[in-house]
Amino acid sequence: MFGNDESDDDDDDDDNDNVELQVTQPSSIECEASTRPAEELHLLQEEHSSKERMFLFQLPKSLPLPRRSSSVIERKGRAVGKEVKEGFNLQQLPQGYLGKMLVYKSGKIKMKLGDVTFDVNPGTESRMAQHVVALNTREEHCCLLGEIENQHVVVTPDVDSLLNDK
Numbered sequence: 001m002f003g004n005d006e007s008d009d010d011d012d013d014d015d016n017d018n019v020e021l022q023v024t025q026p027s028s029i030e031c032e033a034s035t036r037p038a039e040e041l042h043l044l045q046e047e048h049s050s051k052e053r054m055f056l057f058q059l060p061k062s063l064p065l066p067r068r069s070s071s072v073i074e075r076k077g078r079a080v081g082k083e084v085k086e087g088f089n090l091q092q093l094p095q096g097y098l099g100k101m102l103v104y105k106s107g108k109i110k111m112k113l114g115d116v117t118f119d120v121n122p123g124t125e126s127r128m129a130q131h132v133v134a135l136n137t138r139e140e141h142c143c144l145l146g147e148i149e150n151q152h153v154v155v156t157p158d159v160d161s162l163l164n165d166k
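Numbering follows full-length UniProt numbering, with no gaps: position 146 of the sequence shown is 146.
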């Protein structure tokens, strides 16, 4: 059954392997189009839209936020200046309004912080109750603000948007 035809089959398999890989592996665009974060986070359902909900957002430690201008000093006809580091640390963010979350009909979610766009996707699902509290350490006071949804949210920079801006 597997006699002398094996060598011929091996040659054909090599050609077929290349074709199979091209056909079976979806592109990153196809993978992105297949996810619908708004549905997974229940943001498009009317029953959830009327009740107030809190999510735990996981942000990168360093955010590519508004660019700081660099100071350039000219000495003897040459420009000498300080190198500007891209991004901000979370502790450097101003208090108050941070940005805007955009929920599209397609189910995609984007977050706009200044001029930078971020992808928003469902993260891990927690199986235990989690709450948000405000602590006042001076007066030793604790206030329960509410319960966090079981589904966490992961925010990552939209690389395509960042590359198009530069």
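The beta carbon of each residue, even a glycine, is placed where N, CA and C say it ideally should be. A quick note: this is a predicted structure, and the numbers were derived from the prediction, not measured.
Please report how far the alpha carbon of residue i lies from the alpha carbon of residue j, in whole angstroms.
| i | j | result |
| --- | --- | --- |
| Q95 | Q151 | 25 Å |
| F40 | T137 | Before going further, note that residue 40 is Glu rather than Phe in the sequence given. When rounded, the distance between both Cα atoms is 37 Å. |
| D10 | V159 | Residue confidence for D10 is low, a pLDDT of 49 falling below 50, so the modelled location carries little weight; the figure read from the coordinates is stated next. Those two C-alpha atoms are separated by around 41 Å. |
| V132 | G146 | 6 Å |
| T35 | G107 | 8 Å |
| L162 | L44 | 28 Å |
| A129 | L113 | 29 Å |
| Q58 | K100 | 16 Å |
| K105 | M54 | 21 Å |
| D115 | Y97 | 14 Å |
| K51 | L144 | 18 Å |
| G123 | S62 | 19 Å |
Counting only the same chain and skipping the five closest in sequence on each side, list residues whose C-beta sits under 7 Å from that of residue i.
| i | result |
| --- | --- |
| L135 | C142 |
| E139 | none |
Sorted by chain position, which residues of the same chain lie with C-beta nearer than 6 Å to residue i's C-beta, five sequence neighbours on each side aside?
| i | result |
| --- | --- |
| L56 | I148 and H152 |
| D17 | Any reading at D17 must be qualified, since the residue scores a pLDDT of 49, below 50, and its modelled position is unreliable; the value itself is stated next. Closer than 6 Å at Cβ, skipping near neighbours: no residue. |
| E125 | N150 and Q151 |
Buried or exposed: residue i, going by 16 or more other Cβ atoms within 10 Å of its Cβ?
| i | result |
| --- | --- |
| L102 | exposed |
| V155 | buried |
| P60 | exposed |
| M111 | buried |
| I29 | Its pLDDT being 49, under 50, I29 is placed unreliably in this model, and the value from its coordinates should be taken loosely. Exposed, because fewer than 16 other Cβ atoms sit within 10 Å of the Cβ of I29. |
| Q25 | In this prediction, Q25 has a pLDDT of 47, which is less than 50 and means its spatial position is unreliable; what the coordinates show is noted afterwards. Exposed, since its Cβ has fewer than 16 Cβ neighbours within 10 Å. |
Apart from the five residues on each side of it in sequence, which residues of its chain come closer than 8 Å, Cβ to Cβ, to residue i?
| i | result |
| --- | --- |
| R127 | N150 |
| N164 | none |
| I109 | P37, A38, L41, L43, M101, L102, V103, D119, V120 and N121 |
At what residue ranges does the segment 98-139 contain a whole run of the beta strand (DSSP E), taking only runs of 3 or more?
100-103, 109-113, 116-125 and 131-136
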